[in-house]
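Residue numbers (our numbering): -11 to 253.
Glycine included, each C-beta is placed from N, C-alpha and C at the ideal position.
Just so we're clear, the structure is a prediction, and the values are computed from it rather than from any experiment.
Below: one structure, written as structure tokens.
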Ligand SMILES: NC(=O)c1ccc[n+]([C@@H]2O[C@H](COP(=O)([O-])OP(=O)(O)OC[C@H]3O[C@@H](n4cnc5c(N)ncnc54)[C@H](OP(=O)(O)O)[C@@H]3O)[C@@H](O)[C@H]2O)c1
């Protein structure tokens, strides 16, 4: 009998803990695949209603359906098509989001990478990387933070990369975009933390997603050798870091490296 009550009590306590984002809205760019999708699942599991943003209609719908089936919320999870390279599309997206409810969490995970030496990189690819990774993040933060400032509550997490901290051969523009995200986020934290909006960055190392799936096996093996933990990370492991930052009420302006020790080697 006594054991039954203990079990019942701890299960209720776990439920309360796992629903800590109940009633809150999390907007996740790139929330349809890879790291962003894992973050969306983690936040939905914790009770948040999620807005997933990507360009591919089918992928958005598939991801949104999965959340609806597995993580019930008062109103359904939402998916929006938006090409973050186009500021006018971001403006439309933000208007749609503002009709839902206040945004509690903004996670900017959308990103692209074309791995190539600078001499071989095409102008269109340079533009794509900067427009998606850096400008897309900047415009989303700029629009959504205005709404967060009004209610004096919010949490922004921008996904950068260890390439933005240390550089990587074949990723000069990507590194520039990700270093830009870090500099931008630190400055934004200085501007809006006093208004109770925290801004943090996650800098992942190599993570198993579509983005790294095109790497040759030999390249993967040689990188693994440089990672202290001798393996690539999983998207769920980055999602854990995002969950931590979402809950860490006294952490702002920081860059959390999630790379299995790659940067140390
Ligand atoms: N995987 C890694 O090893 C790694 C390491 C360090 C940092 N990162 C960063 O982590 C983030 C997520 O990467 P990932 O590996 O999860 O990539 P991924 O699996 O390729 O997913 C990228 C996501 O971004 C969306 N996206 C791309 N361009 C977009 C655009 N113009 N407008 C709207 N959405 C767009 C994609 O949706 P659509 O295709 O539908 O547009 C997709 O949801 C990126 O910022 C990446 O730079 C990844």
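Alpha-carbon to alpha-carbon, residue j and residue i
{"i": "residue 146", "j": "residue 37", "result": "19 Å"}
{"i": "residue 61", "j": "residue 11", "result": "8 Å"}
{"i": "residue 221", "j": "residue 248", "result": "7 Å"}
{"i": "residue 43", "j": "residue 22", "result": "14 Å"}
{"i": "residue 3", "j": "residue 58", "result": "Interpretation of residue 3 is limited by its pLDDT of 45, a score under 50 that renders its predicted location unreliable; no figure is taken from the coordinates."}
{"i": "residue 211", "j": "residue 105", "result": "18 Å"}
{"i": "residue 81", "j": "residue 93", "result": "16 Å"}
{"i": "residue 213", "j": "residue 198", "result": "21 Å"}
{"i": "residue 53", "j": "residue 20", "result": "11 Å"}
{"i": "residue 67", "j": "residue 77", "result": "14 Å"}
{"i": "residue 238", "j": "residue 107", "result": "44 Å"}
{"i": "residue 219", "j": "residue 75", "result": "37 Å"}
{"i": "residue 115", "j": "residue 100", "result": "11 Å"}
{"i": "residue 154", "j": "residue 17", "result": "25 Å"}
{"i": "residue 168", "j": "residue 72", "result": "16 Å"}
{"i": "residue -1", "j": "residue 33", "result": "Here residue -1 scores only 46 on pLDDT, less than 50, and its place in the model is too uncertain to base an answer on."}
Range of the contiguous beta strand (DSSP E) that encloses residue i
{"i": "residue 70", "result": "First-last for residue 70: undefined, no H or E at that position."}
{"i": "residue 191", "result": "185 to 192"}
{"i": "residue 43", "result": "That residue, residue 43, is in no beta strand (DSSP E); it is neither H nor E in DSSP."}
{"i": "residue 20", "result": "No beta strand (DSSP E) holds residue 20; DSSP gives it neither H nor E."}
{"i": "residue 245", "result": "243 to 246"}
Residue i: first and last residue of the uninterrupted alpha helix (DSSP H) it sits in
{"i": "residue 125", "result": "125 to 139"}
{"i": "residue 156", "result": "Looking at the DSSP string, residue 156 is not in any alpha helix (DSSP H), and its letter there is neither H nor E."}
{"i": "residue 82", "result": "75 to 86"}
{"i": "residue 256", "result": "Given that the chain is displayed from residue -11 to residue 253, the structure contains no residue 256 and the question cannot be resolved."}
{"i": "residue 207", "result": "205 to 214"}
{"i": "residue 115", "result": "111 to 117"}
Strand pairing of residue i, partner residues [DSSP]
{"i": "residue 93", "result": "14 and 143"}
{"i": "residue 221", "result": "195"}
{"i": "residue 37", "result": "13"}
Minimum Cβ-Cβ distance from residue i to chain C less than 8 Å
{"i": "residue 240", "result": "No chain C appears in this structure, which consists of one protein chain only."}
contact_flag[the segment 200 to 213, the segment 155 to 172] where n(CB pairs < 8 Å) is 3 or more: no
Cβ contact check for the segment 117 to 127 and the segment 168 to 184: 3 or more pairs under 8 Å: yes
Contact between the segment 219 to 235 and the segment 176 to 184 (3+ Cβ pairs under 8 Å): no
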